[in-house]
Ligand code: SF4
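Residue numbers (the UniProt record's numbering): 1 to 506.
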């Protein structure tokens with residue numbers, strides 16, 4: 001058997017690196033974390049020998065930047081030769097013209113990452129590249145596996161050495177293992193996918209083509225686009241906004257349990273899972289994905305406006321103005337305004353140039369609240385009864401500061417409306433929602449949360465209202481962070497890492 005190894009030039013890691021939940025770094029410490037669920041990753045793939053594939057991947061990742069801001073990477077294939085560049089930082093910080101010029105090829109895959117498995121460091125940036133008997137394989141993954149402990153020990157038992165701490169590398173190594181045992185690219189990938197449980201939307205680069213695949217539940221999105229011109233060339237992206245930016249046209253979604261194989265011959269489809277289901281993460285629709293991305297034949301902006309109309313119908317309140325928490329609360333606030341007749345106004349202005357910074361604010365700045373990012377508009381707020389609409393509350397720390405700032409700016413009443421139900425359970429499928437004991441709605445009633453936030457009234461959207469507003473089959477979504485009803489069983493060992501409350505009850 002051909003030995004499998006990663007081409008990443010990292011030293012073997014110490015044991016603690018292999019158990020990422022034990023690591024706490026600055027970005028993952030609660031004090032510095034944004035009070036929102038964090039998206040896992042964005043993936044992109046392109047097969048187009050006549051194009052500058054590295055540059056197109058750069059722009060695809062640029063459009064998917066909201067899905068992960070810690071690291072970015074691109075791998076191109078120039079026939080059998082793989083070129084890889086990845087580093088910590090935003091897409092625009094990791095790449096420049098001269099780096100992109102050093103990434104020639106017929107095809108490329110790219111990744112932008114937020115670390116949900118494995119700590120935030122350069123070795124764990126993707127794509128993960130491994131060697132096989134058929135040549136190099138580069139893999140970019142969005143989602144989280146829930147059976148990594150089992151998969152890791154199987155791989156280690158078979159003398160496969162792991163370089164990074166990510167579940168994504170384990171998928172790449174499982175594929176390589178199958179290929180080295182005699183399988184071709186598609187067979188090797190299919191057989192490895194059967195060993196993986198959890199959420200995975202993947203793009204995989206090889207010397208001959210690009211693969212795209214989704215787990216049997218299709219928890220994370222993945223779409224296919226085509227480039228104008230002949231022959232037809234295909235693009236893969238986490239969201240349609242990654243297609244729009246390079247002028248590709250949306251063709252269709254990669255189906256749950258499907259593998260698409262894009263080569264010089266075009267696109268071939270394989271249904272590798274015998275039991276596909278539809279369990280798209282509802283949080284993608286509520287908050288994570290960009291509002292201009294299309295899901296279920298409409299923009300998420302339209303869906304989010306409908307959420308606002310729904311909560312206006314469910315939890316009306318008399319007020320002078322309504323506005324959203326920029327940017328993600330705005331479509332729902334507009335919908336709320338349309339349904340209630342209460343005028344929409346801008347009560348908060350966002351500093352659009354505050355990205356993720358590694359420089360932490362001073363203590364006094366931190367105490368002064370949220371104004372680095374959002375600044376209340378006093379002229380609009382003074383003496384007004386306001387309704388503020390947000391997409392979700394996780395820990396409640398930012399919401400409390402926000403309410404305080406609105407009152408200081410002169411609002412006479414503050415009513416909060418949330419366009420999703422209370423988040424009571426953590427996510428194990430690639431979204432970082434904290435452990436259960438950090439989720440405010442896991443331990444407090446709505447009236448207790450209202451008191452803690454300092455609002456006059458607080459209402460969440462109902463679970464039924466959230467699902468009905470999709471105008472799709474309501475069983476075709478994962479909504480486990482609102483219900484605890486996980487579509488893929490979570491092993492006890494993994495559960496214990498985040499389900500604090502349930503562990504106590506047991
Ligand atoms: S648990 Fe919540 S965040 Fe995670 S996949 Fe399901 S709906 Fe999405």
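Positions of the beta carbon are idealized from the N, C-alpha and C atoms, including for glycine.
Would you kindly report the start and end of the unbroken beta strand (DSSP E) that includes residue i?
| i | result |
| --- | --- |
| residue 375 | 374-376 |
| residue 142 | 135-142 |
| residue 264 | No beta strand (DSSP E) contains residue 264, which DSSP labels as neither H nor E. |
| residue 78 | 71-78 |
| residue 232 | Premise fails: residue 232 is in no beta strand (DSSP E) and is neither H nor E. |
Starting from residue i, trace the alpha helix (DSSP H) in both directions and tell me its first and last residue.
| i | result |
| --- | --- |
| residue 348 | Segment 348-350 is the beta strand (DSSP E) holding residue 348; no alpha helix (DSSP H) there. |
| residue 254 | That residue, residue 254, is in no alpha helix (DSSP H); it is neither H nor E in DSSP. |
| residue 59 | 53-63 |
| residue 482 | 480-483 |
Taking a contact to mean a Cβ-Cβ separation below 8 Å, would you say residue i touches residue j in this structure?
| i | j | result |
| --- | --- | --- |
| residue 446 | residue 36 | no |
| residue 122 | residue 87 | yes |
| residue 239 | residue 290 | yes |
| residue 201 | residue 53 | no |
| residue 174 | residue 75 | no |
| residue 333 | residue 344 | yes |
| residue 112 | residue 68 | yes |
| residue 47 | residue 106 | yes |
| residue 199 | residue 484 | no |
| residue 279 | residue 476 | yes |
| residue 73 | residue 125 | yes |
| residue 325 | residue 390 | yes |
| residue 222 | residue 235 | no |
| residue 335 | residue 309 | yes |
| residue 382 | residue 347 | no |
| residue 205 | residue 109 | yes |
Reducing DSSP to helix, strand and coil, say where residue i ends up.
| i | result |
| --- | --- |
| residue 86 | strand |
| residue 222 | coil |
| residue 132 | strand |
| residue 428 | coil |
| residue 404 | helix |
| residue 123 | helix |
| residue 200 | coil |
| residue 415 | strand |
| residue 390 | strand |
| residue 269 | strand |
| residue 95 | coil |
| residue 112 | strand |
| residue 205 | strand |
| residue 188 | helix |
| residue 309 | helix |
| residue 46 | strand |
| residue 240 | coil |
| residue 492 | helix |
| residue 289 | coil |
| residue 322 | strand |
| residue 249 | strand |
| residue 486 | coil |
| residue 294 | strand |
From this set, the options, which residue's C-alpha is nearest residue i's C-alpha?
| i | options | result |
| --- | --- | --- |
| residue 255 | 239, 289 and 217 | 217 |
| residue 402 | 432, 420, 455 and 448 | 455 |
| residue 263 | 190, 77, 62 and 71 | 77 |
| residue 131 | 123, 155 and 176 | 176 |
| residue 50 | 97, 190, 159 and 233 | 233 |
| residue 499 | 426, 487 and 296 | 426 |
| residue 103 | 270, 85, 283 and 111 | 85 |
| residue 418 | 311, 105 and 284 | 311 |
| residue 186 | 151, 297, 229 and 134 | 134 |
| residue 511 | 231, 471 and 164 | The requested residue 511 does not occur in the structure, where the chain is confined to residues 1 to 506. |
| residue 434 | 497, 336, 328 and 150 | 497 |
| residue 304 | 464, 405, 287 and 480 | 287 |
| residue 141 | 71, 294 and 203 | 203 |
| residue 98 | 307, 65, 70 and 55 | 55 |
Between residue i and chain D, is there a C-beta pair that is closer than 8 Å?
| i | result |
| --- | --- |
| residue 273 | Included in the structure is just one protein chain, with no chain D present. |
With burial defined as no fewer than 16 other Cβ atoms inside 10 Å of the residue's Cβ, what is the status of residue i: buried or exposed?
| i | result |
| --- | --- |
| residue 220 | buried |
| residue 101 | exposed |
| residue 179 | buried |
| residue 415 | buried |
| residue 57 | buried |
| residue 153 | exposed |
| residue 349 | exposed |
| residue 492 | exposed |
| residue 506 | Confidence at residue 506 is low in this model, with a pLDDT of 31, below 50, so the placement of that residue should be treated as unreliable; the coordinate-derived value is given next. Flag for residue 506 reads exposed. |
| residue 45 | buried |
| residue 432 | buried |
| residue 168 | buried |
| residue 327 | exposed |
At a cut-off of 7 Å, is residue i close to the ligand ADP when judged by its beta-carbon and the heavy atoms of the ligand?
| i | result |
| --- | --- |
| residue 80 | The model depicted lacks the ligand ADP and carries the ligand SF4 instead. |
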